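Chemist:
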Amino acid sequence: MNIREWPLAERPREKLLEQGAAGLSDAELLAVLLGSGVRGRNVVDLARGLLARFGGLRQVLEADRAAFLGETGLGPVRYAQLQALLEIGRRHLAESIAREPALESPQQVRRYLKAMMRHEASEVFACLFLDSRHRPLAFEVLFRGTIDRASVFPREVVRRALARNAAAAILCHNHPSGVCEPSPEDVHLTLTLKTALKLVDVRVLDHIIVGEGDPLSMVEHGWFSA
Numbered sequence: 001m002n003i004r005e006w007p008l009a010e011r012p013r014e015k016l017l018e019q020g021a022a023g024l025s026d027a028e029l030l031a032v033l034l035g036s037g038v039r040g041r042n043v044v045d046l047a048r049g050l051l052a053r054f055g056g057l058r059q060v061l062e063a064d065r066a067a068f069l070g071e072t073g074l075g076p077v078r079y080a081q082l083q084a085l086l087e088i089g090r091r092h093l094a095e096s097i098a099r100e101p102a103l104e105s106p107q108q109v110r111r112y113l114k115a116m117m118r119h120e121a122s123e124v125f126a127c128l129f130l131d132s133r134h135r136p137l138a139f140e141v142l143f144r145g146t147i148d149r150a151s152v153f154p155r156e157v158v159r160r161a162l163a164r165n166a167a168a169a170i171l172c173h174n175h176p177s178g179v180c181e182p183s184p185e186d187v188h189l190t191l192t193l194k195t196a197l198k199l200v201d202v203r204v205l206d207h208i209i210v211g212e213g214d215p216l217s218m219v220e221h222g223w224f225s226a
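Taking the UniProt record's numbering, the leading residue of the sequence shown gets 1, the next gets one more, and so forth.
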């Protein structure tokens, strides 16, 4: 059935305006973003098909470009729109944590780091550099590796901290496997970086590991102390 034939209260866009975005299902939210369906499928059916094909809303939004464009009715314009949406979300989180000290909003910081790194297919290492009041100065991906390993060079981490005039840093890397448990190498690297950065008066506040579910704080789990 053409979506124009639906009752107004059941159409995704009108439902959003009436109830707010939180009242919509994943398929309805995706339908609002897509805007229109394709021949023989209304936009909600198209959205439901994509969610089933890719395995969920996050997987659709983070889909490989070739895989996304390979689906019927999904062209470069829609791909660009969804990528812009993701970047808007990341920038919104970045602006929200910039207003207050990182230690006063740890959950917000973790949400931001997860948004910045969860989509990475290979392991990457990054730093969130902070000023003397622990307010964010910059987020930088410093090293990229393979599916399960990234080589990290302490000298380069120190160099970037000095370039940012940072007083503190939150280390971060992802586990593409989805398992957040730190390896012995992760613990050793953290202690090495903590020692190296201390020499230039930069304090390591935490090391966050991003995988599936909530990011893991190595400080909170006792692998090292800030």
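Idealized CB from N, CA, C, for every residue including glycine.
Values in this document were obtained by computation on a predicted structure and should not be read as measured data.
What's the call for Pro-7, buried or exposed, on a 16-neighbour Cβ count within 10 Å?
Modeler: exposed
Chemist: By the three-class DSSP mapping on this structure, what secondary structure does His-92 have?
Modeler: helix
Chemist: Which of the three DSSP states, helix, strand or coil, is assigned to Asp-206?
Modeler: strand
Chemist: Of all the options Glu-18, Val-43 and Leu-61, which has the alpha carbon lying nearest to the alpha carbon of Gly-89?
Modeler: Leu-61
Chemist: Can you tell me which of Leu-69, Leu-216, Ile-208 and Ala-169 puts its alpha carbon nearest to the alpha carbon of Ala-196?
Modeler: Distance from the Cα of Ala-196 is smallest, within the candidate group Leu-69, Leu-216, Ile-208 and Ala-169, for Ala-169.
Chemist: For Pro-106, which option in Trp-223, Ala-84, His-207 and Asn-2 has the closest C-alpha, if you only look at C-alpha atoms?
Modeler: His-207
Chemist: Is Leu-205 closer than 7 Å to Ala-226 when the C-beta atoms are compared?
Modeler: In this structure, Leu-205 lies closer than 7 Å to Ala-226 by Cβ.
Chemist: Please classify Val-179: does DSSP put it in a helix, a strand, or coil?
Modeler: Three-state result, Val-179: coil.
Chemist: How many whole angstroms separate the CB atoms of Ala-161 and Val-200, which I take to be in contact at a CB cut-off of 8 Å?
Modeler: 7 Å
Chemist: Applying the 10 Å Cβ sphere with the 16-neighbour rule, what's the burial state of Ser-132?
Modeler: Under this definition Ser-132 is an exposed residue.
Chemist: Buried or exposed, going by whether 16 or more other CB atoms sit within 10 Å of the CB of Ile-147?
Modeler: The residue is exposed, with fewer than 16 neighbouring Cβ atoms inside 10 Å.
Chemist: Mapping the DSSP letters down to three states, classify Ile-3 as helix, strand or coil.
Modeler: DSSP places Ile-3 in helix when its eight states are reduced to three.
Chemist: Where does Pro-215 fall in DSSP's three states?
Modeler: coil
Chemist: So which of Asn-42, Leu-33 and Val-141 has the shortest CA-CA distance to Leu-85?
Modeler: Residue nearest to Leu-85 within the set Asn-42, Leu-33 and Val-141 is Leu-33 (criterion: CA-CA distance).
Chemist: Could you give the distance in angstroms between the alpha-carbon of Val-141 and the alpha-carbon of Val-152?
Modeler: Cα to Cα, Val-141 sits roughly 11 Å from Val-152.
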